[in-house]
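Each residue of the sequence shown is one higher than the one before, counting from 1 in the UniProt record's numbering. Idealized CB from N, CA, C, for every residue including glycine. Keep in mind the model is a prediction, meaning the values are calculated, not measured.
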Amino acid sequence: MKPTQRPVISPEPTVAVLIATYNRADYLEQALRSLCNQTRLPDDILVVSDGATDHTGQVVHAFGDHVRLLEQANGGKASALNRGLEEIRCDYVLIFDDDDIALPEALEQHLSFLRAHPECDFTYSPKYVFSGEFSMRVIDSQPVPELPDIPSDEFFIRTMESMHTMLQGMLIPKACLTAVGPFDESLRRSQDHDMILRLAHRYQAGHLKQPTFALRIHAGERGAGADRHDESERALVWARYRRQIFSRLYNELTLGDYLPLQQAGSQLPPLLRRQAVLQRSLIMASNNLYEEALNDFAKWNALRGSRPLTVREGALIARMTQIEDMTLPKPSTFFYRLGGGTGFDRAALTAMVRGLYWTAHREWHAGEMINVARIIQRFSLLIAGLPIGAVQRDPIQRRDHR
Numbered sequence: 001m002k003p004t005q006r007p008v009i010s011p012e013p014t015v016a017v018l019i020a021t022y023n024r025a026d027y028l029e030q031a032l033r034s035l036c037n038q039t040r041l042p043d044d045i046l047v048v049s050d051g052a053t054d055h056t057g058q059v060v061h062a063f064g065d066h067v068r069l070l071e072q073a074n075g076g077k078a079s080a081l082n083r084g085l086e087e088i089r090c091d092y093v094l095i096f097d098d099d100d101i102a103l104p105e106a107l108e109q110h111l112s113f114l115r116a117h118p119e120c121d122f123t124y125s126p127k128y129v130f131s132g133e134f135s136m137r138v139i140d141s142q143p144v145p146e147l148p149d150i151p152s153d154e155f156f157i158r159t160m161e162s163m164h165t166m167l168q169g170m171l172i173p174k175a176c177l178t179a180v181g182p183f184d185e186s187l188r189r190s191q192d193h194d195m196i197l198r199l200a201h202r203y204q205a206g207h208l209k210q211p212t213f214a215l216r217i218h219a220g221e222r223g224a225g226a227d228r229h230d231e232s233e234r235a236l237v238w239a240r241y242r243r244q245i246f247s248r249l250y251n252e253l254t255l256g257d258y259l260p261l262q263q264a265g266s267q268l269p270p271l272l273r274r275q276a277v278l279q280r281s282l283i284m285a286s287n288n289l290y291e292e293a294l295n296d297f298a299k300w301n302a303l304r305g306s307r308p309l310t311v312r313e314g315a316l317i318a319r320m321t322q323i324e325d326m327t328l329p330k331p332s333t334f335f336y337r338l339g340g341g342t343g344f345d346r347a348a349l350t351a352m353v354r355g356l357y358w359t360a361h362r363e364w365h366a367g368e369m370i371n372v373a374r375i376i377q378r379f380s381l382l383i384a385g386l387p388i389g390a391v392q393r394d395p396i397q398r399r400d401h402r
């Protein structure tokens with residue numbers, strides 16, 4: 001969809017921090033303290049209490065004029081963030097979580113990057129991860145985390161494929177947030193994911209290499225109202241809402257949206273058309289829409305015909321069989337049907353095996369032998385799904401008859 005109208009930012013921009021919170025007063029106090037200790041102080045810190053029943057109000061009021069508080073009935077995180085955005089008048093917004101910690105130079109680093117890269121509309125950064133009590137000693141003992149170095153014109157499609165950034169690590173113009181519309185209040189989870197995708201679709205991202213926040217891992221409850229759940233259920237709940245998001249995108253986006261910006265267009269040549277279909281297949285598989293993924297894989301195979309596999313297509317297929325999260329792996333039947341969709345093409349099958357191999361390699365080195373066994377099972381089903389007699393065929397002879 002890019003290019004789009006760029007936001008107009010003043011030479012000395014103002015920055016607001018927005019936090020939606022529900023019954024996490026103790027964590028909230030630590031988050032607010034980290035924001036009030038920035039080397040570049042925010043011009044506004046706004047906390048929206050989403051029907052909190054603990055001592056959230058006391059925590060916020062203890063910060064005096066440095067932090068504002070809005071209170072509303074419990075309606076979910078998206079509702080609270082939308083209420084807060086209506087109140088904010090600053091040029092930039094950092095949407096922060098009530099249980100995380102902003103590193104001391106976070107805002108200064110975001111603003112410095114944007115000044116040095118005027119072609120970028122918003123920033124995104126890596127994060128540290130911690131549990132228990134936060135201290136800089138814990139952070140300093142960790143290796144510096146890195147995000148994939150994604151070309152800016154591929155940020156949207158790679159973000160659809162795998163969510164590698166979070167709103168806590170992004171500084172976003174208020175004008176961009178207004179332009180893409182409010183948070184989707186029908187999403188009780190993954191509303192952040194949906195917002196990042198809408199921003200990435202229309203605006204230019206800038207990769208800030210330094211981590212700017214620390215993500216807290218804890219077992220507390222999440223969600224709003226009847227959708228509240230604990231940490232053990234998080235993967236299943238997120239998967240459900242990702243399906244909702246990507247079902248909509250599947251129907252709304254054009255094929256050109258699944259290509260790097262410089263390749264996109266309304267009239268796609270055959271090679272780019274099949275690349276876009278395969279990219280969409282991968283994205284749907286990565287977001288639990290397996291029927292859509294398999295249908296697109298069949299379309300790609302038909303478009304390809306007897307033509308050789310490109311390097312990029314091989315990479316996409318390998319990523320399709322990788323499993324990022326073993327708490328909710330791609331189902332066995334997906335691999336069985338995917339194997340059947342190759343028609344026993346050696347190049348495509350090799351790419352599929354490569355994706356499974358690297359997943360097994362990762363789990364092996366992590367000592368997760370049960371996960372290695374699960375991957376071997378999926379490899380067996382991938383092979384079992386091949387057409388009858390495919391293994392006996394001579395792939396070289398078959399290639400000679402193309």
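Taking its Cβ as the centre, do 16 or more other Cβ atoms sit within 10 Å of Val-144, making it buried, or is it exposed?
By 1-based counting over the sequence shown, the position of residue 144 is 144. Val-144 comes out exposed.
Hey, which unbroken runs of the alpha helix (DSSP H) at 4 residues or more fall wholly within the UniProt domain "Glycosyltransferase 2-like" (17-138)?
25-36, 56-61, 77-87, 106-116
Gly-206 - DSSP class collapsed to helix/strand/coil:
Residue 206 sits at position 206 when you count from the first residue of the sequence shown. Gly-206: strand per DSSP, three-state reduction.
Would you verify that the beta carbon of Pro-13 is, or is not, closer than 8 Å to some beta carbon of chain B?
The structure shown contains no chain B; it is built from a single protein chain.
Looking only at DSSP bridge pairs, what is Pro-215 linked to?
Residue mapping note: residue 215 aligns to position 215 of the sequence shown, counting from 1. A small correction: the amino acid at residue 215 is Leu; Pro does not occupy that position in the sequence shown. Leu-215 is bridged to Val-129.
Per-residue burial, Gln-275 [other beta carbons within 10 Å of its own, 16 or more giving buried]
By one-based count along the sequence shown, residue 275 stands at place 275. Buried: at least 16 other Cβ atoms inside 10 Å.
List the whole-angstrom C-beta distance separating Leu-259 from Leu-272, where the pair is believed to meet the contact cut-off of C-beta under 8 Å.
Position 259 of the sequence shown holds residue 259. Position 272 of the sequence shown holds residue 272. About 6 Å; that satisfies the 8 Å criterion.
Does the separation of the CB atoms of Lys-209 and Met-166 fall below 8 Å?
Mapped onto the sequence shown, residue 209 falls at position 209. Mapped onto the sequence shown, residue 166 falls at position 166. Contact flag unset, no.
Is Pro-270 helix, strand or coil when you go by DSSP?
Along the sequence shown, read from residue 1 onward, the residue named residue 270 stands at position 270. It is helical.
Tell me where the alpha helix (DSSP H) around Ile-376 begins and ends.
Locating residue 376 in the sequence shown gives position 376, where the first residue counts as 1. Looking at the DSSP string, the run of the alpha helix (DSSP H) that includes Ile-376 is 369-384.
Quick test of your reading: Leu-282 and Glu-363, contact by CB under 8 Å. State the CB separation rounded to the nearest angstrom.
Numbered from its first residue, the sequence shown carries residue 282 at position 282. Numbered from its first residue, the sequence shown carries residue 363 at position 363. In fact, because the Cβ distance is near 21 Å, the residues do not count as touching under 8 Å.
Helix, strand or coil: which one does DSSP assign to Ile-172?
To locate residue 172, count along the sequence shown from 1; it is residue 172. Ile-172: strand per DSSP, three-state reduction.
With three or more C-beta pairs closer than 8 Å as the rule, is the stretch 238-249 touching the stretch 135-149?
no
Spell out a yes or no on whether the stretch 92-100 and the stretch 11-18 are touching, meaning 3 or more CB-CB pairs, one atom from each, closer than 8 Å.
yes
Rounded to the nearest angstrom, how far is the Cβ of Phe-96 from that of Ala-31, given a contact under 8 Å?
The residue given as residue 96 occupies position 96 in the sequence shown. The residue given as residue 31 occupies position 31 in the sequence shown. With a Cβ gap of about 7 Å, Phe-96 and Ala-31 count as contacting.
In whole angstroms, what is the alpha-carbon distance linking Ala-20 and Ser-286?
Residue 20 sits at position 20 when you count from the first residue of the sequence shown. Residue 286 sits at position 286 when you count from the first residue of the sequence shown. Taking the straight line joining both Cα atoms gives about 28 Å.
Using the C-alpha atoms, what's the distance from Phe-156 back to Asp-149?
Position 149 of the sequence shown, counting from 1, holds the residue named residue 149. Position 156 of the sequence shown, counting from 1, holds the residue named residue 156. Computed Cα separation, rounded: 13 Å.
Separation of Leu-294 from Gly-389, as counted between CA atoms
For the purposes of this step, residue 389 is taken as residue 389 along the sequence shown, with counting starting at 1. For the purposes of this step, residue 294 is taken as residue 294 along the sequence shown, with counting starting at 1. Per-residue confidence for Gly-389 stands at a pLDDT of 45, beneath the threshold of 50, marking its modelled position as unreliable; the derived number appears in the next sentence. C-alpha separation (whole angstroms): 22 Å.
Which partner residues of Val-15 appear in the DSSP bridge assignment?
The residue labelled residue 15 in the question sits at position 15 within the sequence shown. The partner list for Val-15 (beta bridge, DSSP) reads Tyr-92.
Near the ligand GDP: Asp-97 beta-carbon under 7 Å from a heavy atom:
Absence of the ligand GDP is noted for the structure shown, with no ligands found whatsoever.
Under 8 Å by Cβ, that's how I've got Gln-267 and Leu-187 pegged, so tell me the actual separation to the nearest angstrom.
Stepping through the sequence shown from its first residue, residue 267 is reached at position 267. Stepping through the sequence shown from its first residue, residue 187 is reached at position 187. Going by Cβ atoms, the distance from Gln-267 to Leu-187 rounds to 34 Å, so no, they are not a contact pair.
Rounded Cβ spacing between Tyr-290 and Pro-331 (contact assumed at less than 8 Å):
On the sequence shown, position 290 is the one that residue 290 refers to. On the sequence shown, position 331 is the one that residue 331 refers to. Contact flag correct, Cβ pair sits at about 7 Å.
Buried versus exposed, by CB contacts within 10 Å (16 or more), Gly-355:
Numbered from 1 along the sequence shown, position 355 holds the residue referred to as residue 355. So Gly-355 counts as buried.
DSSP three-state label for Arg-6, please.
Taking the first residue of the sequence shown as 1, we reach residue 6 at position 6. Looking at Arg-6 - three-state DSSP - the assignment turns out to be coil, as it is neither helix nor strand.
For the alpha helix (DSSP H) holding Ser-332, just list the boundary residues, first then last.
Counted from its first residue, the sequence shown places residue 332 at position 332. From DSSP, the alpha helix (DSSP H) with Ser-332 extends over 332-341.
Own chain partners of Pro-395 with C-beta closer than 7 Å, once the 5 adjacent residues on each side are dropped
Here the question's residue 395 lines up with position 395 in the sequence shown. Low confidence applies here, because Pro-395 scores a pLDDT of 39, under 50, leaving its location unreliable; read the following figure in that light. Excluding sequence neighbours, Pro-395 sits near Arg-346.
Would you call the stretch 42-52 in contact with the stretch 64-84, where contact means no fewer than 3 C-beta pairs closer than 8 Å?
yes
Whole angstroms is fine: what's the gap from Leu-41's alpha carbon to Pro-118's?
Residue numbering aside, residue 41 sits at position 41 when the sequence shown is read from its first letter. Residue numbering aside, residue 118 sits at position 118 when the sequence shown is read from its first letter. Spanning the two alpha carbons is a distance of roughly 22 Å.
At the level of alpha carbons, what is the spacing between Leu-349 and Leu-215?
Position 349 of the sequence shown, counted from the start, is the residue given in the question as residue 349. Position 215 of the sequence shown, counted from the start, is the residue given in the question as residue 215. Cα to Cα, the separation comes out at about 38 Å.
Determine the contact status of Tyr-203 and Asp-296, defining contact as a CB-CB distance below 8 Å.
In the sequence shown, residue 203 corresponds to position 203, counting from 1. In the sequence shown, residue 296 corresponds to position 296, counting from 1. Not a contact, by the Cβ cut-off of 8 Å.
Taking Cβ positions, are Leu-28 and Thr-56 nearer each other than 8 Å?
Translated into the one-based positions of the sequence shown, residue 28 becomes position 28. Translated into the one-based positions of the sequence shown, residue 56 becomes position 56. Taking 8 Å as the Cβ cut-off, Leu-28 and Thr-56 qualify as a contacting pair.
Quick check on Met-166: does DSSP put it in helix, strand or coil?
Taking the first residue of the sequence shown as 1, we reach residue 166 at position 166. DSSP places Met-166 in coil when its eight states are reduced to three.
Can you tell me which of the three DSSP states Asp-325 falls into?
Here residue 325 refers to the residue found at position 325 of the sequence shown. Coil, per DSSP.
With distances taken between CB atoms, is the gap from Ala-360 to Ile-375 smaller than 8 Å?
Stepping through the sequence shown from its first residue, residue 360 is reached at position 360. Stepping through the sequence shown from its first residue, residue 375 is reached at position 375. Contact: yes.
For the alpha helix (DSSP H) that contains Ser-247, what are its first and last residues?
Numbered from 1 along the sequence shown, position 247 holds the residue referred to as residue 247. It spans 234-252 - the alpha helix (DSSP H) in which Ser-247 sits, taken as one unbroken run.
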